[in-house]
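Novice:
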Amino acid sequence: MRLGLIGLGRIGSFHAQTLSALPDVDLVVCDAFPALAEATA
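In our numbering, the protein residues as written are 5 to 45.
1) For L9 versus L31, is the C-beta spacing smaller than 8 Å?
2) In terms of residue numbering, what span does the beta strand (DSSP E) encompassing G11 cover?
3) Pull the bridge partners of D30 from the DSSP assignment, please.
4) From the DSSP output, in three-state form, read off F37 for me.
5) Would you mind stating whether D28 and M5 have Cβ atoms separated by less than 8 Å?
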């Protein structure tokens with residue numbers, strides 16, 4: 005399954021960790037602050 009997380013906000017990194025831990029999930033993240041998106045990825 006392919007998922008996209010737009011905007012990491014307060015708990016976005018938690019959501020990213022949870023979603024990326026699921027089997028067979030390809031996760032893409034983006035945020036207005038590229039450094040935050042890269043750190044989360």
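From the three backbone atoms N, C-alpha and C, an ideal C-beta is built for every residue, glycine too.
Specialist: Reading it off the structure:
1) In the sequence shown, the residue the question calls residue 9 occupies position 5. In the sequence shown, the residue the question calls residue 31 occupies position 27. Closer than 8 Å, so yes.
2) Indexing the sequence shown from 1 puts residue 11 at position 7. Here G11 belongs to no beta strand (DSSP E), and DSSP marks it neither H nor E.
3) Position 26 of the sequence shown holds residue 30. Beta-bridge pairing links D30 to R6.
4) Translated into positions along the sequence shown, residue 37 becomes position 33. The answer is coil: DSSP assigns F37 none of H, G, I, E or B.
5) On the sequence shown, position 24 is the one that residue 28 refers to. On the sequence shown, position 1 is the one that residue 5 refers to. Yes, they are a contact pair.
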